[in-house]
Amino acid sequence: MSAIIRPIEQNDIDICGKIGYEAHKTISSSHGYPSEQPSEEFGIDLIRRLLGNPNSWGILAERQGKTLGSVFLHKFPPSPVAVIGPLTVHPSAEGRGVGRMLMDAVLSQARKQNNDQIRLVQSPSHIRSFVLYTKSGFTLREPLFLMQGQPLKDRINTSSDDVHMLHNDRDVSRCNDLCKLTYGFSREMELQRAKDQGVAALIEREGIITGYAAGIGILGHAVAKSNEDLKALIANASVIPGPGFFVPARNHEIINWLLENGFQIGWPANLMTIGPYQEPLIPFLPSLAY
Ligand SMILES: CC(C)(COP(=O)(O)OP(=O)(O)OC[C@H]1O[C@@H](n2cnc3c(N)ncnc32)[C@H](O)[C@@H]1OP(=O)(O)O)[C@@H](O)C(=O)NCCC(=O)NCCS
Numbered sequence: 002m003s004a005i006i007r008p009i010e011q012n013d014i015d016i017c018g019k020i021g022y023e024a025h026k027t028i029s030s031s032h033g034y035p036s037e038q039p040s041e042e043f044g045i046d047l048i049r050r051l052l053g054n055p056n057s058w059g060i061l062a063e064r065q066g067k068t069l070g071s072v073f074l075h076k077f078p079p080s081p082v083a084v085i086g087p088l089t090v091h092p093s094a095e096g097r098g099v100g101r102m103l104m105d106a107v108l109s110q111a112r113k114q115n116n117d118q119i120r121l122v123q124s125p126s127h128i129r130s131f132v133l134y135t136k137s138g139f140t141l142r143e144p145l146f147l148m149q150g151q152p153l154k155d156r157i158n159t160s161s162d163d164v165h166m167l168h169n170d171r172d173v174s175r176c177n178d179l180c181k182l183t184y185g186f187s188r189e190m191e192l193q194r195a196k197d198q199g200v201a202a203l204i205e206r207e208g209i210i211t212g213y214a215a216g217i218g219i220l221g222h223a224v225a226k227s228n229e230d231l232k233a234l235i236a237n238a239s240v241i242p243g244p245g246f247f248v249p250a251r252n253h254e255i256i257n258w259l260l261e262n263g264f265q266i267g268w269p270a271n272l273m274t275i276g277p278y279q280e281p282l283i284p285f286l287p288s289l290a291y
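Pasting the structure below:
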């Protein structure tokens, strides 16, 4: 199907949001999962927020004036990573190459920006998007589960005396050092934002940072030198914004611990990448982005 690809403008927000809602509703109901975009308002608000973010770039596909789907590309400076999502195509236009056209356009923009590391979280597990991403060059790195439940703070006992909130730029910088060791690049902007929102926490043992969480939630991420430290960070969170948080499916200890503490699995997802990828060698929680 031929289509025009162009940047999303203010008056495209409603239609792109509605398509996002419809696309997710259709796929999640066929899998029996709750929808990632639970209402039309959610879908519209998501597009509005992304369009207002200077680090996000959104495009849509249209044919004869009819919008067919959209996608966003995000930067997290100074991180060298570019992130793709959400990608949605109206169910009536599915299977006609629109998803591929949108992917080709964002990948070419990422390369124009010299982002050699491109990532996404494919969610929920959906064969069509998995095929599309694989054919576009993405490699599956980490199967994930979205864990859903109430914050554990004050509900369970953990050795969390060493957990502290991030207070200043020095805390951000020290956590970012652990981040760089783990991921191979800085996630300073996300750490700074989480600190400003009062949701960033670190663990310090004998003067050494052994873990941090830039929030426990769908937009947060965390790393820790042990699962004990990761549990302490999770247990310290008094809020879990969004529908839950992602845990690598391979981390049996954390998944099992969360299940024992009343959490449920919401839906599966996959962290996928193009370009260099330094696999974290210590426990970690990815964000919805990467
Ligand atoms: C995922 C989505 C964007 C794909 O859009 P689309 O326009 O249907 O995608 P395309 O037709 O361009 O590409 C799909 C590819 O998968 C292939 N495909 C689909 N099911 C397949 C299967 N079971 N086995 C092998 N190939 C398959 C198609 O043949 C096509 O490949 P081709 O381009 O080589 O022919 C759309 O289905 C959607 O919006 N889904 C709901 C929201 C969603 O899940 N978004 C992604 C979240 S990570």
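Numbering (the working numbering), first residue to last: 2 to 291. Using N, Cα and C, we set each Cβ at its ideal position, and we do this for glycine too.
| query | Would Ile255 be called buried (16 or more neighbouring beta carbons within 10 Å of its own) or exposed? | reply | buried
| Would the C-beta of Ser288 count as close to ligand 1, meaning under 7 Å from any of its heavy atoms? | no
| query | In chain order, what residues of the same chain have a beta carbon less than 7 Å from the beta carbon of Gln110, not counting five sequence neighbours either side? | reply | Trp58 and Leu74
| request: Helix, strand or coil for Ser187, going by three-state DSSP, please let me know. | output: coil
| request: Please classify Val200: does DSSP put it in a helix, a strand, or coil? | output: coil
| task | For Lys76, count neighbouring Cβ atoms within 10 angstroms of its own Cβ and tell me buried if that reaches 16, exposed if not. | result | buried
| message | Please return the same chain residues whose Cβ sits closer than 8 Å to the Cβ of Leu167, not counting the five positions on each side in sequence. | response | Val173, Cys176, Leu192, Ala195, Lys196, Ala201, Ala202, Leu203 and Tyr213
| task | Can you tell me which of Glu280, Phe186 and Asp155 puts its alpha carbon nearest to the alpha carbon of Ile235? | result | Asp155
| Cβ-heavy atom distance, Lys19 to ligand 1, below 7 Å | no
| message | Counting C-beta neighbours from all protein chains within 10 Å, is the total for Thr274 16 or more, i.e. buried, or is it exposed? | response | buried
| query | Run through DSSP, which three-state label would Tyr291 get? | reply | coil
| task | Could you tell me which residues DSSP puts in a beta bridge with Ser71? | result | Leu61 and Thr89
| said: Whole angstroms are fine: how far does the CA of Tyr291 sit from the CA of Gln198? | reply: 20 Å
| task | For the alpha helix (DSSP H) holding Leu145, just list the boundary residues, first then last. | result | Where Leu145 is concerned, there is no enclosing alpha helix (DSSP H), although the beta strand (DSSP E) it sits in stretches over Thr140 to Gln149.
| query | Going by the C-beta, is Ala24 closer than 7 Å to any heavy atom of ligand 1? | reply | yes
| Nearest-angstrom Cα distance between Gly100 and Met190? | 30 Å
| task | Taking Ile217 and Phe246 to be in contact with their CB atoms under 8 Å, please state how far apart those CB atoms are, rounded to whole angstroms. | result | 5 Å
| said: By the three-class DSSP mapping on this structure, what secondary structure does Ala4 have? | reply: coil
| task | Output the distance between the C-alpha atoms of Ile28 and Val132, rounded to the nearest integer angstrom. | result | 15 Å
| field | His165, DSSP secondary structure in three states | value | strand
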